[in-house]
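Chemist: Residue numbers are given in my numbering: position 329 of the sequence shown equals residue 311, and the series is strictly consecutive.
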Amino acid sequence: MNIQKKKKIALVLSGGGVKAAAYHIGVCLALKEKGFVFAGGSKEWVQQKFPSGKDVPAADSKPTIRLYVGSSAGSFIASILASGRSIESLITAFQVGLGNSPSYNLPEHERLKPVGYRHIFHLNSKRMLSWLPESLLQKSSLTGGLEVFLKKGFKLNGLFNTNGMERYLRKYVLDENEFSRLGVELYIVATQLNHSRKSIFGPFLESTKTDTIKFIGYSKISEAVAASSALPPAFAPYPIKKPDGKIIYHYDGEIRDTLSTHVAVDNGADLVIASYSMQPYHYSPEVGSLHTYGMPAIVNQALYQVLEQKVAKHILFQKQKKDTYTAVKKSCEEMNLATDEKNKILKLIKENLDFKPEVDYIYIAPRAQNYEMFFADHFSLNPTILEKIVRIGFKSGLQVLRDYC
């Protein structure tokens, strides 16, 4: 694969809480180290700052990311990069927000407002009374069993909401809060609460839907990120208002589909760089068996195994499609088929498998042996922990990218 010849490079960032965000930051630092450029900002700014095509001499051209797909925590990072903010400004915002000295001496106009717990954990105060089970106010529901007790008794839809995150992005980060006003493409993935569809927010001229996907063009970027990041049960579903006034509730974008690389491909990317952080624990003598760590570690492992399996199946399926196409193409050439006949067969393969031979993928994930990543808290802003995770992301990125550039 020749990265320099790629026409449209996309960055896809998955979810996983603050831990995933820190990992993605490390991956982005690795991409920058390898010469990648993150385009972002308004249309006018991108045209001026990140010219493309014939406007750039071949000697000066660098692999530039111009399409971003984010889900859950990945949507937060993707929106910041697409807005034209640097990865260094985001690191500084976290460091200063936690009371530490910044690693980068940025000019005033490049600095972001410090990020703290209050921007991530906004108390769901309007629903807090629902924490009291109805059974304490009325008659007991225990006669129907524990599940009935929980369903009927507890009406709290989340301890926190993502209003603080939405406000932070809208007020302090996004100079352009409309998808269509950006000079790059940004797509945010969320899941509809009251349907089996996932929603893709982006610069769509009109909103359309299929049986499995709704394409939404009317939401603000900050609202889409808030919806995508509403991970249950910690965060309440986020309401998105349609132009007709109807409210559609959304929650975490990873629930319906993990690692939505197809969004990048469907919108013309021919190189998709995907970063995901949910890697199950593999036995290490230093740590031992997870059964000694209690339910939190076991539940975490179960969740990671489910999500990692979905990603692994996706990667395998892409490989199988490519191998099938390559094998058929080789057979056609060995049989000396006429060009027209060969092209007809290859066209059928592409259409039936939904395969685009020009598209390449680079997947970046933690090593299974990296147990520090597994045991790290998903929502901790502890600077020591975050620094370790950023370093893990950086090393993961460099290790994978050295095979390509």
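For each residue, glycine too, the CB sits at the ideal point set by N, CA and C. In this text the structure is predicted, and so the values were computed from the model without any measurement.
1. Taking just the CA atoms, how far does Ile182 sit from Gly199?
2. What residue range is occupied by the uninterrupted beta strand (DSSP E) comprising Val254?
3. Alpha carbon to alpha carbon, how far is Ala4 from Asn318?
4. With burial defined as no fewer than 16 other Cβ atoms inside 10 Å of the residue's Cβ, what is the status of Val166: buried or exposed?
5. Starting from the N-terminal side, write out each stretch of the beta strand (DSSP E) that is 3 residues or longer and does not extend beyond the region 309 to 369.
6. If you follow the alpha helix (DSSP H) that Gly146 is part of, which residue opens it and which one closes it?
7. Enumerate in chain order the residues of its own chain whose CB-to-CB distance from His273 is below 8 angstroms, with the five nearest sequence positions on each side excluded.
8. Pull up the distance between the alpha-carbon of Gln261 and that of Ala2, whole angstroms please.
9. What does the Cβ neighbour count give for Leu105, buried or exposed, with the cut at 16 atoms within 10 Å?
10. For Gln381, which residues does DSSP report across the bridge?
11. Mark Pro225 as exposed unless 16 or more other C-beta atoms lie within 10 angstroms of its C-beta, in which case mark it buried.
12. Between the Cα of Glu290 and the Cα atoms of Ile237, Asn139, Arg67, which residue gives the shortest distance?
13. Below 8 angstroms on the Cβ atoms is my contact criterion, and I expect Ala206 with Val(-6) to pass it. Report the Cβ-Cβ distance as a whole number of Å.
14. Of the residues Gly(-1), Leu49, Ile69, Phe361, which one's Cα is nearest the Cα of Lys14?
15. For the region 59 to 76 against the region 328 to 345, do three or more pairs of beta-carbon atoms, one drawn from each stretch, fall closer than 8 angstroms, so that the two count as touching?
16. Would you report the Cα separation of Lys324 and Lys311, rounded to the nearest angstrom?
17. State the DSSP-derived secondary structure class of Lys196, mapped to helix, strand or coil.
18. Using alpha carbons as the reference points, say which of Ile195, Asn143, Lys191, Ser201 lies closest to Glu160.
19. Tell me the DSSP bridge mates of Leu298?
20. Per DSSP, Ser181 is paired with what?
21. When you compare the region 16 to 27 with the region 46 to 55, are there three or more beta-carbon pairs, one atom per stretch, that lie closer than 8 angstroms?
22. Between which residues of its own chain and Arg100 is the CB-CB distance below 8 angstroms, once the five residues before and five after are set aside?
23. Tell me the DSSP secondary structure of Leu156 in three-state form.
24. Report all residues from its chain with a CB closer than 7 angstroms to the CB of Tyr353; omit the five preceding and five following residues, and keep chain order.
25. Within its chain, find whatever has a CB closer than 7 angstroms to the CB of Gly250; leave out the 5 residues flanking it on each side and keep chain order.
26. If I'm right that Ser210 touches Gly227 with Cβ under 8 angstroms, what's the distance once you round it to whole angstroms?
27. For Thr144 and Thr321, I'd like the C-alpha separation in whole angstroms.
28. Helix, strand or coil for Pro278? Go by DSSP, reduced to three states.
29. Counting only the same chain and skipping the five closest in sequence on each side, list residues whose C-beta sits under 8 angstroms from that of Arg373.
30. Excluding sequence positions up to five away, which residues of its chain have a Cβ less than 7 angstroms from the Cβ of Leu72?
31. Output needed for Arg163: all residues of its chain with C-beta closer than 7 angstroms, excluding positions within five of it in sequence on either side, in chain order.
32. Give me whichever residues DSSP pairs with Ala(-8) in a beta bridge.
33. So, for Thr243: in the same chain, excluding its five sequence neighbours on each side, which residues have a beta-carbon less than 6 angstroms away from its beta-carbon?
34. Just to confirm, is the Cβ distance from Phe103 to Phe76 under 8 angstroms?
35. Which value, in whole angstroms, describes the spacing of the CA atoms of Asp385 and Ser378?
Modeler: In brief:
1. Looking up residue 199 in the sequence shown gives position 217. Looking up residue 182 in the sequence shown gives position 200. Approximately 9 angstroms between the Cα atoms of the pair.
2. Taking the sequence shown and counting its residues from 1, the one referred to as residue 254 is at position 272. Segment 253 to 257, the beta strand (DSSP E) holding Val254.
3. In the sequence shown, counting from the first residue as 1, residue 4 sits at position 22. In the sequence shown, counting from the first residue as 1, residue 318 sits at position 336. Going by the C-alpha atoms only, they are around 53 angstroms apart.
4. Against the sequence shown, residue 166 aligns to sequence position 184. Counting Cβ neighbours within 10 Å, Val166 comes out buried, since at least 16 surround it.
5. Counting only runs of 3 or more, we get 342 to 346.
6. Counted from its first residue, the sequence shown places residue 146 at position 164. Segment 145 to 150, the alpha helix (DSSP H) holding Gly146.
7. Residue 273 sits at position 291 when you count from the first residue of the sequence shown. Excluding its 5 nearest sequence neighbours in each direction, His273 has C-beta neighbours in its own chain below 8 angstroms: Ile280, listed in chain order.
8. As a working mapping, residue 261 is identified with position 279 in the sequence shown. As a working mapping, residue 2 is identified with position 20 in the sequence shown. Those two C-alpha atoms are separated by around 11 angstroms.
9. Here residue 105 corresponds to residue number 123 of the sequence shown, with the count starting at 1. Of the residues assessed, Leu105 falls on the exposed side of the cut-off, its CB having fewer than 16 other CB atoms within 10 angstroms.
10. As a working mapping, residue 381 is identified with position 399 in the sequence shown. DSSP output for Gln381 lists no bridge partner at all.
11. Within the sequence shown, the letter at position 243 stands for residue 225. Pro225 counts as exposed, since fewer than 16 other beta carbons sit within 10 angstroms of its beta carbon.
12. Walking along the sequence shown from the start, residue 290 turns up at place 308. Nearest option by C-alpha distance: Ile237.
13. Numbered from 1 along the sequence shown, position 224 holds the residue referred to as residue 206. Numbered from 1 along the sequence shown, position 12 holds the residue referred to as residue -6. Under the criterion of beta carbons closer than 8 angstroms, Ala206 and Val(-6) do not qualify as touching, at roughly 16 angstroms.
14. As a first step, residue 14 is located in the sequence shown; it is residue number 32 there, counting from the start. Considering only alpha carbons, the answer is Ile69.
15. Because the criterion of three Cβ pairs below 8 angstroms is not met, the region 59 to 76 and the region 328 to 345 do not touch.
16. Translated into positions along the sequence shown, residue 324 becomes position 342. Translated into positions along the sequence shown, residue 311 becomes position 329. Distance between the alpha carbons of Lys324 and Lys311: 7 angstroms.
17. Here residue 196 refers to the residue found at position 214 when the sequence shown is read from its first residue. In this structure, Lys196 counts as strand in the three-state DSSP scheme.
18. In the sequence shown, residue 160 corresponds to position 178, counting from 1. The shortest C-alpha separation from Glu160 is found at Ser201.
19. For the purposes of this step, residue 298 is taken as residue 316 along the sequence shown, with counting starting at 1. Beta-bridge analysis with DSSP links Leu298 to no other residue.
20. Within the sequence shown, residue 181 is the residue found at index 199, counting from 1. Note: Ser181 sits in a beta bridge opposite Ala172, Lys196.
21. Flag = yes, the region 16 to 27 and the region 46 to 55 touch.
22. As a working note, residue 100 is residue 118 in the sequence shown. Excluding its 5 nearest sequence neighbours in each direction, Arg100 has C-beta neighbours in its own chain below 8 angstroms: Gly146, listed in chain order.
23. Taking the first residue of the sequence shown as position 1, residue 156 is located at position 174. The answer is coil: DSSP assigns Leu156 none of H, G, I, E or B.
24. Along the sequence shown, read from residue 1 onward, the residue named residue 353 stands at position 371. Cβ neighbours of Tyr353 beyond the five flanking positions: Tyr263, Ser266, Val269.
25. For the purposes of this step, residue 250 is taken as residue 268 along the sequence shown, with counting starting at 1. For Gly250, where only same-chain residues beyond five positions count, the Cβ hits under 7 angstroms are Lys(-10).
26. For the purposes of this step, residue 210 is taken as the residue at position 228 of the sequence shown. For the purposes of this step, residue 227 is taken as the residue at position 245 of the sequence shown. The Cβ separation is near 22 angstroms, so there is no contact.
27. Position 162 of the sequence shown, counted from the start, is the residue given in the question as residue 144. Position 339 of the sequence shown, counted from the start, is the residue given in the question as residue 321. Going by the C-alpha atoms only, they are around 56 angstroms apart.
28. Taking the first residue of the sequence shown as 1, we reach residue 278 at position 296. The answer is helix: DSSP assigns Pro278 an H, G or I state.
29. To locate residue 373, count along the sequence shown from 1; it is residue 391. Within the same chain, Arg373 has close Cβ partners Gly8.
30. Position 90 of the sequence shown, counted from the start, is the residue given in the question as residue 72. Result list for Leu72: Ile7, Ile62, Leu94, in chain order.
31. Counted from its first residue, the sequence shown places residue 163 at position 181. Ser24, Lys25.
32. In the sequence shown, counting from the first residue as 1, residue -8 sits at position 10. Bridge partners of Ala(-8): Leu49, Val254.
33. The count along the sequence shown starts at 1 and reaches residue 243 at position 261. Correct list, in chain order: Val(-6), Val254, Ala256.
34. By one-based count along the sequence shown, residue 103 stands at place 121. By one-based count along the sequence shown, residue 76 stands at place 94. No, the Cβ-Cβ distance between Phe103 and Phe76 is not below 8 angstroms.
35. What you label residue 385 is simply residue 403 of the sequence shown in a count that begins at 1. What you label residue 378 is simply residue 396 of the sequence shown in a count that begins at 1. Straight-line Cα distance between these residues: approximately 12 angstroms.
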